[in-house]
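Everything on this sheet refers to the single structure shown next.
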Amino acid sequence: MVKVTRPVRPDVLARIFESVGTVRGAQRGRGNGMTSARRIGAPDAKNRGLLLDAAEQLMLEEGYAAVTSRRLANKAGLKPQLVHYYFRTMEELFLAVFRRRADEGLSAQAQLLQLPQPLWALWRFGTDPAFTRISMEFMALANHRKEMRAEIAYYAERFREEQAQVVAAALQRYGHDEVPPMVWTVLMTSLSRFLVLEQALGMSGGHAETKAFVEEHLRRLEGEPQPITDLPPTWLVHQVRSEQSAPRSPSLDTTTAPSTDTVQ
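Set out below in C-alpha cells:
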C-alpha cells in the first residue's frame, strides 16, 4: 500500500522553521542564562515610521483590506521582509497605526481645548473630515479584530473624559447650567461626526440648518469664532498626512473583508 503525503503549505513550513530557530537559539543561550527571542525593529526607527505612513495612506486610499505585507512594503519603498521585522503580525501593525493617530489626536485636542473658545474648538475638531476618514477605517477593522475594538474603546473614553472636563469648566465659567456637561459633550462630538459621515455618503439634507442651530448656541456662549493662528503641530501632521493621501472630500469606501496576515 502506497502512503500519500500531502505537501506542506509554505506558510506552515515557514512557521516550523521559525520555531526550530527559536528553540535552537534558546538552547545556545541556556549556558549563560539567556534566551534568544525574535528580533524586532526599534519603535523609533525611520523605516518603521515609513511603514506606518504607508499603511495609513493605503487605508485612506483603498481601505484597510488593501494593507498587505507586499503592498505595504511597495508603498513605503522597502523590502517586504522589513514589514515583519518591525511588526510580528498585521494586527500589530494596525494597532501601531491606530495608537499613533490616537495619541496625536489627544495631543491636538488638549492644545485646542486650551484656546479661549474651547467649545468652538471642540466643534471644529469633530467636524474635520481628515479625522473621520481614518476613523471609519479603524471602525470597520474593529468589526473583525477584538484587540482593535478594545483599543478604540479605551482611547474613546480618554477623549471623552478630557472633553467633558473642559466643557464642564467652560459652562460653569459662562454660567450655563441648563444642559449637563456630559450631555453637551456627547451631543457635540457625536453630531459633528455624524454630519461628516453623511456628507461623505453624499447626504446634505438638514446639514445647513443643524450647523446653524449649533453654531448659534456657540455664539451665545463664546461669541463669533476667532481664527486659530497657532495650530498645534500634531494637528498639522494630521492635515498634511491626510491631504497627501486622500481625496479632498471624505471617502468611506471601507471594506468588511479582513486583511491577510501573510506576505502576498
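Under our numbering, the first residue of the sequence shown is numbered 7, with each subsequent residue one higher.
Note that beta-carbon positions come from the ideal geometry of N, C-alpha and C, so glycine has one too.
Please read all numbers here as calculations on a predicted model, not as lab measurements.
DSSP three-state assignment for residue i, whether helix, strand or coil
i      : result
Ser75  : helix
Val185 : coil
Glu249 : Residue placement at Glu249 is flagged as unreliable, the pLDDT there being 46, under the threshold of 50; a coordinate-derived value is accordingly withheld.
Pro124 : helix
Phe200 : helix
Lys85  : coil
Arg54  : helix
Ala43  : For Ala43, the predicted model reports a pLDDT of 46, less than 50, meaning its position is unreliable; a value from the coordinates is still stated below. DSSP places Ala43 in coil when its eight states are reduced to three.
Gly35  : No answer about Gly35 holds up, because its pLDDT of 41 lies below 50 and its placement is not dependable.
Val243 : At Val243, the pLDDT of 46 sits below 50, so the modelled position is not reliable; the number obtained from the coordinates is stated separately. Helix at Val243.
Met65  : helix
Burial state of residue i, where buried means 16 or more other Cβ atoms lie within 10 Å
i      : result
Val189 : exposed
Val202 : buried
Glu62  : buried
Val185 : exposed
Gln169 : buried
Gly211 : exposed
Pro122 : exposed
Ala60  : buried
Arg226 : exposed
Ala114 : buried
Asp183 : exposed
Met194 : buried
Pro82  : It should be noted that the sequence gives Ala, not Pro, for residue 82. Ala82 is buried by the Cβ-count criterion.
Gly181 : exposed
Ser141 : buried
Trp241 : Caution is warranted here: a pLDDT of 47 is assigned to Trp241, below 50, making its placement in the model unreliable, and the coordinate value is therefore given only provisionally. The residue is buried, with at least 16 neighbouring Cβ atoms inside 10 Å.
Met209 : exposed
Phe6   : As displayed, the chain neither begins before 7 nor continues past 270, which places residue 6 out of reach and without an answer.
Thr133 : buried
Pro187 : buried
Leu118 : buried
Ala136 : buried
Met145 : exposed
Residue j beta carbon less than 8 Å from that of residue i
i      : j      : result
Leu84  : Leu56  : yes
Val89  : Ala102 : no
Gly69  : Glu143 : yes
Arg54  : Thr138 : no
Leu147 : Phe100 : yes
Val192 : Pro124 : no
Ala108 : Tyr161 : yes
Arg106 : Leu64  : no
- Query: Would you call the segment 115-134 and the segment 162-181 touching, i.e. three or more CB-CB distances under 8 Å?
  - Reply: Proximity of the segment 115-134 to the segment 162-181 meets the contact definition, three or more beta-carbon pairs being nearer than 8 Å.
- Message: Any contact between the segment 219-232 and the segment 157-175? By contact I mean 3 or more CB pairs, one from each, below 8 Å.
- Response: No contact exists between the segment 219-232 and the segment 157-175.
- Residue ranges of each alpha helix (DSSP H) run of no fewer than 4 residues wholly in the segment 96-182, ordered along the chain? Within the segment 96-182, the runs of alpha helix (DSSP H) that reach at least 4 residues and sit entirely inside it are, in chain order, 96-118, 124-132, 135-148, 152-180.
- At a cut of 8 Å, does the segment 59-78 reach the segment 91-102 through at least three beta carbon pairs? The answer is yes - the segment 91-102 touches the segment 59-78, with three or more Cβ pairs under 8 Å.
- Task: Would you mind listing the alpha helix (DSSP H) stretches within the segment 207-241 that are 4+ residues and don't spill past its ends, in chain order?
- Result: Correct list: 213-228.
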